[in-house]
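Since the structure comes first, as structure tokens, the remarks are kept for the end.
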Amino acid sequence: MHTLTNQHGLTLGQCASLACVLEATAPKPGNVHRGADFEDLTYPDLILSGIAIAREIERAPERPLGQTILAAVLATRRVVSTNTNLGITLLLAPLAAAATKPLPDGVRRVLDALSAEDARLVYVAIRLAKPGGLGKVETADVAGEPPESLVVAMRLAAERDLVARQYANGFAEVFGDVVPALREAANRYPTLDAIVYAYLTVLAKHPDSLIARKCGPDTAHRASQQAAQILASAKPGDAEWHERLADFDFWLRSDGHRRNPGTTADLITAGLFVTLWEGSVHLPFAKLDP
Numbered sequence: 043m044h045t046l047t048n049q050h051g052l053t054l055g056q057c058a059s060l061a062c063v064l065e066a067t068a069p070k071p072g073n074v075h076r077g078a079d080f081e082d083l084t085y086p087d088l089i090l091s092g093i094a095i096a097r098e099i100e101r102a103p104e105r106p107l108g109q110t111i112l113a114a115v116l117a118t119r120r121v122v123s124t125n126t127n128l129g130i131t132l133l134l135a136p137l138a139a140a141a142t143k144p145l146p147d148g149v150r151r152v153l154d155a156l157s158a159e160d161a162r163l164v165y166v167a168i169r170l171a172k173p174g175g176l177g178k179v180e181t182a183d184v185a186g187e188p189p190e191s192l193v194v195a196m197r198l199a200a201e202r203d204l205v206a207r208q209y210a211n212g213f214a215e216v217f218g219d220v221v222p223a224l225r226e227a228a229n230r231y232p233t234l235d236a237i238v239y240a241y242l243t244v245l246a247k248h249p250d251s252l253i254a255r256k257c258g259p260d261t262a263h264r265a266s267q268q269a270a271q272i273l274a275s276a277k278p279g280d281a282e283w284h285e286r287l288a289d290f291d292f293w294l295r296s297d298g299h300r301r302n303p304g305t306t307a308d309l310i311t312a313g314l315f316v317t318l319w320e321g322s323v324h325l326p327f328a329k330l331d332p
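Here the sequence shown is numbered in this note's numbering, starting from 43 and rising by one per residue.
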């Protein structure tokens, strides 16, 4: 296998793992990070999962997408016992598969080439990961027979799931909102602060679909409104910034963590992967000089 690297010598697998580590480490309100765990999900779980999928993401350009997604889920299950990264894997696999082509056109070509076997394998992967809050739907339900077209199934779920929407619209939110937010924030703030700022920017624009599935659309919209209010009133480094983040974090963690903006975190990871691969966001502690 020929190992692809970017301009800084990072491989696809390294970019995937680093994206997962940076996303998990940034103290984003309502999410697990190094200073806050959930009862059934910890910071080490996320770090182990990010490392576990590296080899499978590395192989994405050379094999069908369904194989990569299933292999990444299986690799994750070998190191953790809970669903840590299904959404991340669903997003990273097409991005990595398209890494040899210009983005975002390359991603559209990957999605256009998906087969019925890809759909079958992705459905197997989703069942193995056992994501929370999916519920049941009449058409293309993950508990039933897989459809002939994965993209058609994702289109059916696009209104209720932001990850599915990326398959339906060619990763429009990732390339149109998440990546620009990360680039802009990275030019203004230290890396981890930039990730938090971009996270709030994306959450303010797109109500989190995991919150909506678990708590309803009104709660998801309320979370977005609070994110927007923080961005309008404070900036990283201000005392008020930390106070507002702490209040928002407390509200999101109430109700047994059901208000966790997990889908927003997945989108941020995808955006970090893109920016790390293209070299527009640098690692916070890197020393590139020999």
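Quick reminder that beta carbons are idealized off the backbone N, C-alpha and C, glycines included.
Subject >> Ile93 and Ser59 closer than 8 Å at C-beta >> reply: As a first step, residue 93 is located in the sequence shown; it is residue number 51 there, counting from the start. As a first step, residue 59 is located in the sequence shown; it is residue number 17 there, counting from the start. Their beta carbons are under 8 Å apart, which means Ile93 touches Ser59 by this criterion.
Subject >> Touch test, the segment 249-268 against the segment 74-83, Cβ-Cβ under 8 Å, three pairs minimum >> reply: no
Subject >> Spatial distance of Gln208 from Leu132 (CA atoms) >> reply: Taking the first residue of the sequence shown as position 1, residue 208 is located at position 166. Taking the first residue of the sequence shown as position 1, residue 132 is located at position 90. Approximately 10 Å, taken between the alpha carbons.
**OP:** Using only alpha-carbon positions, find the residue among Ile130, Val115, Val220 that is nearest to Ser123.
**Re:** Looking up residue 123 in the sequence shown gives position 81. Looking at the Cα atoms, Val115 is the closest of the given residues.
Subject >> Three-state secondary structure (DSSP) of His284 >> reply: As a working note, residue 284 is residue 242 in the sequence shown. In the structure shown, His284 sits in a helix (DSSP, three-state: H, G or I).
**OP:** Report yes if the CB atom of Ile168 is closer than 8 Å to the CB atom of Ala138, and no otherwise.
**Re:** Translated into the one-based positions of the sequence shown, residue 168 becomes position 126. Translated into the one-based positions of the sequence shown, residue 138 becomes position 96. No.
Original post:
Between the beta-carbon of Pro173 and the beta-carbon of Asn125, is there less than 8 Å?
Top reply: Here residue 173 refers to the residue found at position 131 when the sequence shown is read from its first residue. Here residue 125 refers to the residue found at position 83 when the sequence shown is read from its first residue. Yes.
**OP:** Please confirm whether Leu156 and Leu107 have their CB atoms less than 8 Å apart.
**Re:** Counting from 1 along the sequence shown, the entry for residue 156 is found at position 114. Counting from 1 along the sequence shown, the entry for residue 107 is found at position 65. Cβ atoms of Leu156 and Leu107: closer than 8 Å.
Subject >> Beta-carbon proximity check, Glu65 vs Ala269, cutoff 8 Å >> reply: Counting from one through the sequence shown, the residue named residue 65 turns up at place 23. Counting from one through the sequence shown, the residue named residue 269 turns up at place 227. Taking 8 Å as the Cβ cut-off, Glu65 and Ala269 do not qualify as a contacting pair.
Subject >> Reduced DSSP secondary structure (H/G/I, E/B, other) of Thr306 >> reply: The sequence position of residue 306 within the sequence shown is 264, counting from 1. In this structure, Thr306 counts as helix in the three-state DSSP scheme.
Original post:
Does the separation of the CB atoms of Ala227 and Ala236 fall below 8 Å?
Top reply: Within the sequence shown, numbered from 1, the residue matching residue 227 stands at position 185. Within the sequence shown, numbered from 1, the residue matching residue 236 stands at position 194. Taking 8 Å as the Cβ cut-off, Ala227 and Ala236 qualify as a contacting pair.
Original post:
What separation, rounded to the nearest whole angstrom, lies between the Cα atoms of Ile130 and Ala281?
Top reply: What you label residue 130 is simply residue 88 of the sequence shown in a count that begins at 1. What you label residue 281 is simply residue 239 of the sequence shown in a count that begins at 1. Answer to the nearest angstrom: the Cα atoms are 32 Å apart.
Subject >> DSSP-derived helix/strand/coil call for Ala78 >> reply: As a position in the sequence shown, residue 78 is number 36, starting the count at 1. Strand at Ala78.
Subject >> Anticipated Cβ contact below 8 Å, Ile95 with Thr67, distance rounded >> reply: Residue numbering aside, residue 95 sits at position 53 when the sequence shown is read from its first letter. Residue numbering aside, residue 67 sits at position 25 when the sequence shown is read from its first letter. So it is not a contact: roughly 17 Å between Cβ atoms.
Original post:
Under 8 Å between the Cβ atoms of Tyr241 and Ile310?
Top reply: Working through the sequence shown from its first residue, we reach residue 241 at position 199. Working through the sequence shown from its first residue, we reach residue 310 at position 268. A contact, by the Cβ cut-off of 8 Å.
Original post:
In three-state DSSP terms, what is Thr243?
Top reply: As a working note, residue 243 is residue 201 in the sequence shown. Thr243: helix per DSSP, three-state reduction.
Subject >> Beta-carbon proximity of Asn127 to Cys62, cut-off 8 Å >> reply: The sequence position of residue 127 within the sequence shown is 85, counting from 1. The sequence position of residue 62 within the sequence shown is 20, counting from 1. A contact, by the Cβ cut-off of 8 Å.
Original post:
Hey, out of Val166, Tyr165, Leu134, Arg162, whose CA is closest to Val152's CA?
Top reply: The residue labelled residue 152 in the question sits at position 110 within the sequence shown. It is Leu134.
**OP:** Measure the C-alpha to C-alpha separation of Cys257 and His50 and round it to an integer number of angstroms.
**Re:** The sequence position of residue 257 within the sequence shown is 215, counting from 1. The sequence position of residue 50 within the sequence shown is 8, counting from 1. So the two alpha carbons sit approximately 42 Å from each other.
**OP:** Check each candidate in Gly72, Met196, Leu318 and name the one with the smallest Cα separation from Asp154.
**Re:** Against the sequence shown, residue 154 aligns to sequence position 112. Of the listed residues, the one whose Cα sits closest to Asp154 is Met196.
Original post:
So the alpha helix (DSSP H) Ile90 belongs to, where does it begin and stop?
Top reply: In the sequence shown, the residue the question calls residue 90 occupies position 48. The sequence shown places Leu at residue 90, not Ile. Here the alpha helix (DSSP H) through Leu90 covers 85-94.
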